[in-house]
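Quick notes on the structure that follows.
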Amino acid sequence: MLKIGFGDADITPAESLPMSGMIDPPRAQGARWPLHARALLFEGEGGRVAVVSLDLLCLTYPTVLELRQALAAPAGVPPEHIMISCQHTHRAPYAAPIMDEPIDWDYVEFLRDRLVSAMAAAAASLQPARLRVGHTQAPGWTWNRRPVYRSERYGEQVGTQGPLDAPGFLRMEGPEDNELIVVAAEDDSGRVLGGAVNFACHSTVMGSLPYYSADFSGALVDELQARLGGRFLFLQGAAGNLWAHDKRSLAPSGTGGEEQNRAMGAALAHKAIEALSGAEPVAGDAVRCERRLLEVPERQPTPEQVALARWYLEHRPADLDENEFTRRLYGHDYTFYHNSPRVQEWFCREVIAMWEWQRHQAVRQPTATVEVQALSVGDSLAFAGYPAEYFTEFGLETKARSPFAHTLVSELANGWVGYVPTAQAFEHGGYETRLAYSSRLVPEAGDLLCRTGIGLLHLLAAAAAPPVGP
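By my numbering, the letter at position 401 of the sequence shown is numbered 1295, and the numbering carries on one by one without gaps.
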């Protein structure tokens, strides 16, 4: 018999802390859609597995290991049977080092204590439940953010978040993933206990507003719980190259802020309820986990790049051609479409920091430890977790090649190794591929992680298959 439990804890700090993921981060002045830690615990044949959703930008892998260890006892599961995913809001404190800011360890300790209480509540609330899963398309809320421009020097180049009415615009580099998946748990009477929602879009709808915020997923979860009851968590899909702003219309659209955040949350909640009207039941009560640890090579800056970055920070003339400097240091036309000095300074610091960090490791080839994880519940439901800002092409491929009828892909699951773009994206350049702590793996990493995740899903499906005759 399948049992399911839910736990929820507010992880919004009382202090006015800097908010992550921006140059010159502002301090919070209150909260709009407060930050939450939500736990979903499954118990069935094979034991227990847990899925945790955090309204944070990201976590490092060592922090994930620490949190898993703290959660194992209250969850009643081995640490490796817990998937911890962040939804990538830029309106949360620093729980990972990014954009020149260190981890706020006091906040991490606060987070750990609150998360333990949420998991204990999930274990205490375990009860028999049935699962249903619905799928729908929700176009108009997520957009590819990598426009391709004609380049005299390189042929085709991406200027991330650039305008589509600029000279030389050719096309968008990749697709969107408009699929919304919703999982609902119900008791024997049909009452909704809660569930999970999966959608792919950068959580930057609140823009630069100085508030703690779970962003659009906070509005989505609030609306869904108000209309259905129970407790829901949000899992961010593969959204490394997706955001909520439509520039294909050649006119301002989706400029962000509280109004758009509320509208997006309400629209996606409506889509989730629509999907549940045709949802399919999940048969079986087996729960399983598979994971793989990979040592993935990192890219390394050259001594010439380090020297050029230092020159820029120390001697940059006021009349420097920033576009030509980008080509010299990066080998591409653009980072973002406008190569501003503030962004240039940040990436020069990143080149130097990567050089110092990697050379002090005293190894021939620096690598990053990457965990890919897959969980299955019943005969038809699976979760695939990748610890990266993962390009949507890989999320689409994972779902298309999964042997399960319902596969929820979660990026930023069990850590963060930065952006993991496609090989084509590395040819085009742009922000997401430029070498930094936030984008450091080799171009082959995306395909390697995807193959690994799909392989884990097939192992889970094989374990669930009935034995073939004598």
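Note that the Cβ used here is the ideal one computed from N, Cα and C, for glycine as well.
With a beta-carbon spacing of about 5 angstroms, R1039 and Q1055 fall inside the 8 angstroms limit used to define contacts. Within 10 angstroms of the beta-carbon of V1181 lie 16 or more other beta-carbons, which makes it buried. Within a 10 Å sphere around the beta-carbon of G899 sit 16 or more other beta-carbons, which makes this residue buried. Distance between H1232 and G1101, taken at the CA atoms: about 18 angstroms. Taking the Cα of V1052 as reference, the smallest distance to any Cα among N1135, W999 and V1002 is reached at N1135. Per DSSP, the unbroken alpha helix (DSSP H) holding Q1252 starts and ends at P1235 to R1253. CA-to-CA, the gap between T1098 and A1138 works out to about 7 angstroms. The segment 1161 to 1176 and the segment 930 to 948 do not touch, with fewer than three beta-carbon pairs separated by less than 8 angstroms. Distance from the CA of A1120 to the CA of L961, rounded to the nearest whole angstrom, comes to 30 angstroms.
With contacts defined as CB atoms closer than 7 angstroms, F1285 and P1315 qualify as a contacting pair.
For I1348, the three-state secondary structure derived from DSSP is helix.
Fewer than three pairs of CB atoms, one per stretch, sit closer than 8 angstroms, so the segment 1162 to 1170 makes no contact with the segment 1224 to 1240. Using a C-beta cut-off of 8 angstroms, the segment 963 to 973 makes no contact with the segment 1317 to 1334, since fewer than three inter-stretch Cβ pairs fall below that distance. By the C-beta criterion, the segment 1150 to 1162 is judged to be in contact with the segment 1102 to 1115, since at least 3 inter-stretch pairs fall below 8 angstroms. A direct Cα-Cα distance of roughly 27 angstroms separates E1046 from D1140.
CA-CA distance, M913 to G1089, rounds to 28 angstroms. Beta-bridge pairing by DSSP links E1192 to L1335.
Here D904 is bridged, per DSSP, to H930. The segment 899 to 908 makes contact with the segment 926 to 937; the number of CB pairs closer than 8 angstroms reaches 3 or more. Nearest C-alpha to Y1048 among E939, G1324, R1204 and N1308: G1324. Here M993 is buried, its C-beta having at least 16 other C-beta atoms within 10 Å.
In the DSSP assignment, N1038 is bridged to L1136. Annotation: H982 is outside any alpha helix (DSSP H) and is labelled neither H nor E by DSSP.
About 4 angstroms separates the beta carbon of H1300 from that of V1027, a gap short enough to meet the 8 angstroms contact definition. In this structure, E974 is the residue among I1075, E974, E1153 and M1248 with its C-alpha nearest to the C-alpha of G1309. Here G1062 is near Y1043, since their CB atoms are less than 7 angstroms apart.
Between the beta-carbon of L1074 and that of K1165 there is about 5 angstroms, and that keeps the pair under the 8 angstroms contact cut. Inside the segment 1244 to 1308, DSSP marks whole alpha helix (DSSP H) runs of 4 or more residues at positions 1286 to 1295, from first to last along the chain. Residue environment for E1326: buried (at least 16 other C-beta atoms within 10 angstroms of its C-beta).
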